[in-house]
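**Student:**
Numbering (this note's numbering), first residue to last: 1230 to 1571.
#1: Taking only three categories from DSSP, how would you classify residue 1452?
#2: In the DSSP assignment, the beta strand (DSSP E) including residue 1291 goes from what residue to what residue?
#3: If we ignore side chains and look at the alpha-carbon of each, how far apart do residue 1483 and residue 1517 end up?
#4: Any idea what DSSP makes of residue 1546, helix, strand or coil?
#5: May I ask you to report which of helix, strand or coil DSSP gives residue 1395?
#6: Which residue or residues does DSSP assign as beta-bridge partners of residue 1519?
#7: Return helix, strand or coil for residue 1375, following the three-state DSSP convention.
#8: Residue 1373 and residue 1460 - do their beta-carbons sit closer together than 8 Å?
#9: Does the beta-carbon of residue 1243 have 16 or more other beta-carbons within 10 angstroms, so that it is buried, or is it exposed?
#10: Are the region 1429-1438 and the region 1389-1398 in contact at 8 Å, needing three or more beta carbon pairs?
#11: Less than 8 Å between C-beta atoms, sequence neighbours within five positions excluded: which residues of the same chain meet that for residue 1315?
#12: Is residue 1459 helix, strand or coil by DSSP?
#13: If contacts are defined as beta-carbon pairs under 8 Å, then residue 1406 and residue 1368 qualify, I think. What distance do you get, rounded to the angstrom?
#14: Give the secondary structure of residue 1260 by DSSP, where H, G and I count as helix, E and B as strand, and everything else as coil.
#15: Along the chain, where does the beta strand (DSSP E) containing residue 1490 start, and where does it finish?
#16: In its own chain, which residues sit with a C-beta less than 7 Å from the C-beta of residue 1658, not counting the 5 before and 5 after it?
#17: Could you tell me how far apart the beta carbons of residue 1254 and residue 1335 are, in whole angstroms, since I believe they sit closer than 8 Å?
#18: Give a yes or no on whether the C-beta atoms belonging to residue 1494 and residue 1506 are separated by under 8 Å.
#19: What's the gap between the Cα of residue 1377 and the Cα of residue 1462?
#20: Indicate the three-state DSSP secondary structure (helix, strand or coil) for residue 1343 in the structure shown.
#21: Could you tell me if residue 1567 is buried or exposed, where buried requires 16 or more neighbouring beta carbons within 10 angstroms of its beta carbon?
#22: Give the DSSP-derived three-state secondary structure of residue 1384 in the structure shown.
#23: Going by DSSP, what residues sit across from residue 1313 in a beta bridge?
#24: Using CA coordinates, which residue listed in 1343, 1309 and 1250 is at the minimum distance from residue 1265?
#25: Assuming residue 1285 and residue 1258 make a contact with CB atoms under 8 Å, what is their CB distance in whole Å?
#26: In whole angstroms, what separates the C-alpha of residue 1560 from that of residue 1456?
#27: Can you tell me which of 1547, 1551, 1564 and 1538 puts its alpha carbon nearest to the alpha carbon of residue 1403?
#28: Can you tell which of 1419, 1464 and 1386 has its C-alpha closest to the C-alpha of residue 1413?
#29: Could you pull the start and end residues of the beta strand (DSSP E) that residue 1333 belongs to?
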């Protein structure tokens, strides 16, 4: 079968019985991922082998017309895991592939794993425990470890939240300032799909941030400080490569912020009114400027220190302190400073 075949490849051993509803659906968009894909699948397989007696699972891998050995790797793992391999013609969008996977998911919960990320030991056990402790939560997520292209530890990416159930108002306010949820970190109730729908395919950089904000305004969220997934940062990632166009990058950020900030302002249940929301907006706008400046420095070697210092002063001491906390800027920059430059 060619890589452009739009039909699905389902081996008999990879099929979940039609009358069985899996507890978890794992959605994996794949494109030319041979460098990291085997490691990602091995990390799932290790957890699956340990907990298959407790947890039923399906993995939906959507190959976007790969020209390398990704499809062969997927089919190999499909012989020994509940892995459904979906082949499609090249579309060029991880978001559209993810949405197709969401439409096929049958689990009580779903999560995402990109080809360059990893599950770490104990992830399934932790998620099962959290789902049993907090059955009311629509999303449960945890911290992650930053890894480089060789799997070396670069630091941790932690959310500015308390351990356990978080008040929706506080959670949304902090998430507006910065997306602190890595793709492999959350597990979401599938029942929420009826209200939140699919990801926005126009958002090639910020689709996940947009999605987390939609979920957080629809359901309680639980956070756990333990890092049980690896989030790989490397120079070849699509988001790194596509952030080179600053105008488009800015549009990706502002589209999500403006959409959800306006929703929050219109929500009568949201308690951070007047000055509180104004301050959130100021910190969020400054955070976007910092993110754009960091992308510019990475691609062009220039950083607008003076302009950003002036904007930082406008936040005031307390506002700047809250920005440092909410943006996780130290965690994010420190990990990336350890990356080799090319």
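No residue lacks a Cβ here, since even glycine has one placed at the ideal position from N, Cα and C.
**Tutor:** Taking the definition as stated:
#1: Strand at residue 1452.
#2: Residues 1286-1292.
#3: About 8 Å.
#4: Per DSSP, reduced to three states, the secondary structure at residue 1546 is helical.
#5: When secondary structure is reduced to three states using DSSP, residue 1395 falls in the strand class.
#6: For residue 1519, which the question treats as bridged, DSSP gives no partner whatsoever.
#7: Residue 1375 falls in the strand class under three-state DSSP.
#8: Closer than 8 Å, so yes.
#9: Note that residue 1243 scores a pLDDT of 43, beneath 50, so its modelled location is shaky and nothing firm can be said.
#10: No: the two stretches stay apart, fewer than three of their Cβ pairs being nearer than 8 Å.
#11: Result list for residue 1315: 1237, 1238, 1289, 1290, 1291, 1292, 1329, 1330 and 1333, in chain order.
#12: Assigned with DSSP and collapsed to three states, residue 1459 falls in strand.
#13: Rounded, the Cβ-Cβ distance is 18 Å, inconsistent with contact.
#14: In the three-state DSSP reduction, residue 1260 falls in the coil class, being neither helix nor strand.
#15: No beta strand (DSSP E) holds residue 1490; the alpha helix (DSSP H) holding it covers 1475-1495.
#16: Lying before the first or after the last residue shown, residue 1658 is absent from the chain, which here runs from 1230 to 1571.
#17: So it is a contact: roughly 6 Å between Cβ atoms.
#18: In this structure, residue 1506 lies closer than 8 Å to residue 1494 by Cβ.
#19: Approximately 5 Å between the Cα atoms of the pair.
#20: In the displayed model, residue 1343 falls within coil according to three-state DSSP, outside both helix and strand.
#21: The residue in question, residue 1567, is exposed, as its Cβ has fewer than 16 Cβ neighbours within 10 Å.
#22: Three-state result, residue 1384: strand.
#23: DSSP, once it has assigned bridges, lists 1289 as partnering residue 1313.
#24: Minimum Cα distance to residue 1265 is reached at 1343.
#25: The beta carbons of residue 1285 and residue 1258 sit about 22 Å from each other, so the pair does not count as a contact at 8 Å.
#26: Taking the straight line from one Cα to the other gives about 14 Å.
#27: Comparing Cα positions, the closest option is 1551.
#28: Residue 1386 is the option with its Cα nearest to residue 1413.
#29: No beta strand (DSSP E) contains residue 1333, which is instead part of the alpha helix (DSSP H) from 1323-1333.
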